[in-house]
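Participant: Protein sequences, first through last, are from chains A and B.
Start counting at 1 in the first sequence, then tack on 1, and there's your number in the working numbering.
Start counting at 1 in the second sequence, then tack on 1, and there's your number in the working numbering.
Glycine included, each C-beta is placed from N, C-alpha and C at the ideal position.
2 protein chains.
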Amino acid sequence: MTTRIQRRNRRKILDAALDVFSAQGFRGATLDQIAAVAGLSKPNLLYYFDSKETMHRALLDNLLDVWLAPLHALDPQGDPTAEIMGYMRRKLEMSRDYPRESRLFANEVLQGAPRLSDAIAGDLKALVDDKAAVIRGWSAAGRLAPVDPYHLIFSIWALTQHYADFDAQIRLIRGETDPLDGADAFLETLFTRLLTP
Amino acid sequence: MTTRIQRRNRRKILDAALDVFSAQGFRGATLDQIAAVAGLSKPNLLYYFDSKETMHRALLDNLLDVWLAPLHALDPQGDPTAEIMGYMRRKLEMSRDYPRESRLFANEVLQGAPRLSDAIAGDLKALVDDKAAVIRGWSAAGRLAPVDPYHLIFSIWALTQHYADFDAQIRLIRGETDPLDGADAFLETLFTRLLTP
DNA sequence: GTCTATAGTCTGATAGAC
DNA sequence: GTCTATCAGACTATAGAC
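1) Evaluate TYR164 (chain B) with the Cβ neighbour count: other Cβ atoms within 10 Å of its Cβ, from every protein chain shown; 16 or more gives buried, anything less gives exposed.
2) Just to confirm the assignment, what range does the alpha helix (DSSP H) spanning ARG144 (chain A) have?
3) List, in chain order, every chain B residue whose beta-carbon is nearer than 7 Å to that of VAL129 (chain A).
4) Is it true that the CB of LEU173 (chain B) sits closer than 8 Å to the CB of ASP166 (chain A)?
5) Counting only Cβ pairs nearer than 7 Å, list the residues of chain A close to LYS126 (chain B).
6) Taking the alpha-carbon positions, what's the GLY79 (chain B) to ILE85 (chain B) distance?
7) Quick check on the burial criterion: 16 or more other C-beta atoms within 10 angstroms. Buried or exposed for ARG8 (chain A)?
8) Cβ of VAL135 (chain A) less than 8 Å from any chain B Cβ?
9) Can you list, in chain order, the residues of the segment 27-49 of chain B whose Cβ is nearer than 7 Å to any Cβ on chain A?
10) Decide yes or no for the touch test of the segment 125-135 of chain A against the segment 58-77 of chain A: beta carbon pairs closer than 8 Å, at least 3 of them.
11) Candidates A:GLY26, A:PHE155 and A:TRP158: which alpha carbon is nearest GLU109 (chain A)'s?
12) For ALA184 (chain B), collect the residues of the same chain with a Cβ closer than 8 Å to its Cβ; drop the 5 residues on either side in sequence, then sort them by chain order.
13) Once you ignore the five residues that flank PRO150 (chain A) on each side, which residues in its own chain have a CB closer than 7 Å to its CB?
14) For THR82 (chain B) versus LEU196 (chain B), is the C-beta distance shorter than 8 Å?
15) Nearest chain B C-beta to GLY79 (chain A) closer than 8 Å, yes or no?
16) At the level of alpha carbons, what is the spacing between LEU15 (chain A) and THR55 (chain A)?
17) Pick from A:ARG90, A:ALA59, A:ARG144 and A:ASP98: whose alpha carbon is nearest that of LEU117 (chain A)?
18) Of all Cβ atoms in chain B, is any one closer than 8 Å to the Cβ of LEU24 (chain A)?
19) Can you pull the chain A residues whose beta carbon is under 7 Å from the beta carbon of ARG194 (chain B), in chain order?
20) Which residues, in order along the segment 4-24 of chain A, keep a beta-carbon less than 8 Å from a beta-carbon of chain B?
21) What in chain A is Cβ-close to ARG91 (chain B), meaning under 8 Å?
22) In chain A, which residues lie less than 7 Å from TYR151 (chain B) when you measure between Cβ atoms?
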């Protein structure tokens with residue numbers, strides 16, 4: 002039996018954990034920091050989650066569905082250029098709306114994906130292989146410029162996630178300007194020129 | 002007076018430290034790991050470097066010169082497209098030849114650039130502002146397609162560093178294929194199409 | 001210069017009162 | 001359910017023999 006208070010506390014803890022894990026990585030984060038952000042005591046955190054590891058796992062499990070959704074939505078029946086541009090736009094929106102999730106993911110992969118290799122080699126690889134075949138078909142039919150579908154997908158990841166993951170650097174270089182200001186127009190031009198047959 | 006043995010040991014330690022810091026981040030790394038990789042005892046590490054922090058600093062200081070060199074080499078007198086393509090190629094080579102350095106840098110920036118903000122807001126910003134002005138001039142003169150110079154530079158960083166920083170993910174998706182296989186041809190096409198007036 | 005031993009601190013997790 | 005107190009292990013750094 003789960004009460005309303007329990008659900009609320011679990012959510013508060015996971016939100017604080019996302020704050021800290023995404024900013025410090027798994028080993029860099031401490032339960033003290035998470036407890037402080039959540040406004041709860043350290044033992045209280047461990048009443049809701051068995052361990053630091055469990056907390057982190059819960060975040061990654063939540064993350065993966067959200068992370069795969071935009072690519073999942075790429076429709077083989079749609080217009081090729083419009084579908085890929087739409088995918089790019091959705092990924093850029095995710096960098097704007099969920100920068101912490103992007104950095105949580107980046108921290109993991111950067112450190113060799115120790116807790117994500119199963120998910121990446123499983124669900125993510127299957128999804129990418131599937132959509133890569135669709136894109137290859139579009140190119141072969143002349144409906145899209147000939148491009149390597151894997152590098153195309155990687156380039157969308159790299160360009161959109163960069164704005165969340167390297168936010169600190171971009172801010173220091175651009176000063177007052179919002180890091181994402183002009184990014185959509187730039188990426189729109191970049192991919193339109195690449196994809197038009 | 003610095004002996005040959007001292008120089009050799011310092012180099013061995015820094016190489017081991019780069020291995021571990023780039024793979025685990027600053028807090029994730031331990032002196033035990035670095036000592037094991039270097040083949041020295043933990044107190045011996047601290048004979049050559051005052052602290053873990055000092056070791057990390059030494060790596061970052063070395064890194065910055067190497068990191069800025071490719072953009073520094075972008076020549077205002079050269080052919081616009083050739084200069085930018087050359088810069089992109091040099092950055093991609095750095096991802097191939099110095100992936101650990103790329104990940105060391107990525108780890109730092111991802112965690113808010115706590116130890117790099119001065120260098121980024123100083124030397125790096127000055128260099129980027131300088132080269133951005135050059136690129137803007139080229140576009141205004143019609144020698145290059147009109148592009149936002151900052152986003153152009155960010156896109157080169159994002160696309161080239163992605164192959165080093167997200168290497169684990171790319172390997173899991175591509176299997177046997179070398180992550181960088183086909184990357185040069187893809188990026189060549191992408192930027193040629195973007196930059197041609 | 002390099003080692004073993006260890007001091008002192010931080011951190012994840014548990015015990016037990018309320 | 002939530003807290004204070006605390007344990008056990010890991011970690012950075014130092015002391016001191018050789």
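Facilitator: Reading it off the structure:
1) Buried.
2) Counting along the chain, no alpha helix (DSSP H) covers ARG144 (chain A), and no H or E run does either.
3) Residues of chain B passing the Cβ test: ILE174.
4) With contacts defined by Cβ atoms closer than 8 Å, ASP166 (chain A) and LEU173 (chain B) do not form a contacting pair.
5) Neighbours of LYS126 (chain B) on chain A, chain order: LEU173 and ILE174.
6) For GLY79 (chain B) and ILE85 (chain B), the gap between their C-alpha atoms comes out near 10 Å.
7) Result: exposed.
8) No, its Cβ sits nowhere closer than 8 Å to a Cβ of chain B.
9) Flagged, chain order: ARG28 and GLY29.
10) Yes, the segment 125-135 of chain A is in contact with the segment 58-77 of chain A.
11) Nearest C-alpha to GLU109 (chain A): A:GLY26.
12) Within the same chain, ALA184 (chain B) has close Cβ partners LEU93 and TYR164.
13) For PRO150 (chain A), the CB contacts under 7 Å within the same chain, skipping 5 residues up- and downstream, are ALA133, ILE136 and ARG137 in chain order.
14) Pairing THR82 (chain B) with LEU196 (chain B) gives a Cβ-Cβ distance under 8 Å.
15) It does not: the Cβ of GLY79 (chain A) has no partner Cβ on chain B nearer than 8 Å.
16) Rounded to the nearest angstrom, the two C-alpha atoms are 11 Å apart.
17) Comparing Cα-Cα distances from LEU117 (chain A) to each of A:ARG90, A:ALA59, A:ARG144 and A:ASP98, the minimum goes to A:ALA59.
18) Correcting the residue type first, residue 24 (chain A) is Ala in the shown sequence and not Leu. By this cut-off, ALA24 (chain A) is an interface position.
19) Ordered by position in chain A, the residues that pass the 7 Å Cβ test against ARG194 (chain B) are ARG194 and LEU195.
20) The residues in question are ALA24.
21) Listed along the chain, the chain A residues whose CB falls inside 8 Å of the CB of ARG91 (chain B) amount to none; the nearest CB is some 17 Å away.
22) Near TYR151 (chain B) (Cβ distances below 7 Å), the residues of chain A are ARG175.
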